[in-house]
Amino acid sequence: MTFSYYPGCTLKTKAKELDAYARRSAEALGITLAELPDWQCCGGVYNNTKDEIATKLSSVRALISAKEQGNKLVTLCSACHNVIKRTKNEIETNDDMAFRVSNYMQCDARKDSDTEVVHFFELLRDTVGFDELKKKVVNPLTGRKIAAYYGCLLLRPGKVLQFDNPENPKIMEDFIRALGATPVIYPMRNECCGGYIAIESSEAARKNSAAIYESAEGFGADCMITACPLCRYNLIKAESTVPVVYFTELLAEALGVK
Amino acid sequence: MLTSKEKEQIIRSSGADVTKCMRCGKCSGACPSYDEMEYHPHQFVYFVEKDQIEKLLNSPSIYKCLGCSVCSERCPRDVGPSKIVEAVLAMAVRRQDENHLKAENIPGMVEDDTPGQLLVSAFRKYKK
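For the record, the sequence lines run as chains A and B.
Using this note's numbering, the first residue of the first sequence is number 2, and each one after it goes up by one.
Using this note's numbering, the first residue of the second sequence is number 371, and each one after it goes up by one.
Quick look at the structure:
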């Protein structure tokens, strides 16, 4: 099965392992990730304002490009997923956005960018299936206690992202179980790491991130997983006492392709 | 009372209905940046309703929102405080020479391990 794939800027630089382990794992699972030939940076954050159009066009281009290839669009970075999926939703639900995007791109925005956006976790759950994934595991991570760190961008806004229950998600825990490890459920798993505030207030970001890893550690985690390079960066900068790795690294390890 | 053009713009740009707020404070209770802020999410909603936009525009609070959307997620009336905060921030940085983050300051903020995602996100938030 072939999916169009949007890696995003940071997966080409500081988060290469998030990308590389995903590609190897997908191959082991019989899935082809076809990188979009012409993708542009999503911008990292979705601007909530209705009159902000231009900064969302890179996402529109990615949606159109995947549609032209006849594929669903797979994302890996939480931020890219959030921005692209919300942009698609805005075109669907806001007539003014659809009209302006259509004018600017010389297209029929609602039709031409009507691409299904699938996060890699959703691909594992809905296309591969966690039961099937479990069967493909050659190195079960037995005895490992792993804390899923969801953060914000995969979950919220819940009505748009429709990733999982935004207050009590379980997709990452189900993923951890499929790999043979034990999920650690802790209260701070869907709270914010501090995000981009780290650019001007590393202290504020550090405070947010410390509350998260302390919560995970308190519930007995020996490792945390994330899909977001900025979450990982903030946690590491806050001197997390629990190691933080990309979820694809554990996946590749369990599938024997690390 | 006449509605200011700033209030009209905030309402239009955010798409939020501030009159639905019942002042339960759940948004501010959930905000991970609460301690950093002079005005909190529920006050953004309140001051927009009362057409006191200038005090929000001039407050450093607009740069403290993390964009995590938790205030809107937990709002029982679907007001969407995060949309209001972002609309005020957008109004501030769209003013001429009011970019909060300037390109020339970026090199001094970058370390070896700074991810591109951090730079582009901050740039998108704080600059027009």
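No residue lacks a Cβ here, since even glycine has one placed at the ideal position from N, Cα and C.
In chain order, Asn48, Asn49, Thr50, Asp52, Glu53 make up the part of chain A whose C-beta sits under 9 Å from the C-beta of alanine 460 (chain B). At a beta-carbon threshold of 7 Å, none of the residues of chain B lie near lysine 57 (chain A); the nearest stands roughly 10 Å away. At the C-beta level, serine 374 (chain B) and aspartate 421 (chain B) come within 7 Å of one another.
Comparing alpha-carbon positions, the option among A:Ile200, A:Phe220, A:Leu34 lying closest to valine 119 (chain A) turns out to be A:Leu34. In chain order, Ile198, Ser202, Ala205 make up the part of chain A whose C-beta sits under 9 Å from the C-beta of lysine 434 (chain B).
When the five nearest sequence neighbours on each side are left out, the beta carbons in the same chain lying within less than 7 Å of the beta carbon of leucine 471 (chain B) are those of Ala492, Phe493, Tyr496, Lys497, in order along the chain. Neighbours of arginine 157 (chain A) in chain B, taken as residues at a C-beta separation under 8 Å, are given in chain order as Cys438, Ser439, Val440, Ser442, Glu443. With respect to alanine 462 (chain B), leucine 427 (chain B) sits close: the two C-beta atoms are nearer than 7 Å.
Taking all protein chains shown into account, leucine 154 (chain A) has 16 or more neighbouring C-beta atoms within 10 Å of its C-beta and is therefore buried. Separation of the CB atoms of proline 230 (chain A) and leucine 19 (chain A) is rounded to 7 Å, and the pair is thereby assigned contact status at 8 Å. Residue-level contact check: proline 167 (chain A) touches chain B, since one or more beta carbons of chain B fall below 7 Å from its beta carbon. Only those residues of the segment 211-239 of chain A whose C-beta falls short of 7 Å from the nearest C-beta of chain B are listed: Pro230, Leu231, Tyr234. The beta carbons of glycine 9 (chain A) and cysteine 78 (chain A) sit closer together than 7 Å. Collapsing the DSSP output to three states places tyrosine 409 (chain B) in coil. When beta bridges are read from the DSSP output, phenylalanine 4 (chain A) appears opposite A:Leu34.
Residues are counted here when their Cβ sits less than 9 Å from a Cβ of chain A; for the segment 472-484 of chain B these are Ile476, Met479, Asp483, Thr484, given in chain order. Lysine 238 (chain A): member of the alpha helix (DSSP H) spanning 230-238, first to last residue. The Cβ of glutamate 192 (chain A) sits closer than 7 Å to at least one Cβ of chain B. The Cβ atoms of serine 66 (chain A) and leucine 37 (chain A) sit closer than 7 Å to each other. Contact check for isoleucine 54 (chain A) and valine 102 (chain A): beta-carbon distance about 7 Å, within the 8 Å limit, so the pair qualifies. Within the same chain, Val415, Val418, Glu419 come within 6 Å of valine 388 (chain B) by CB-CB distance, once the 5 residues on both sides are set aside. Residue-level contact check: glutamate 406 (chain B) touches chain A, since one or more beta carbons of chain A fall below 7 Å from its beta carbon. The alpha-carbon of asparagine 72 (chain A) is positioned some 8 Å away from that of threonine 116 (chain A).
Between the segment 206-213 of chain A and the segment 248-257 of chain A, the count of Cβ pairs shorter than 8 Å is below three; the stretches do not touch.
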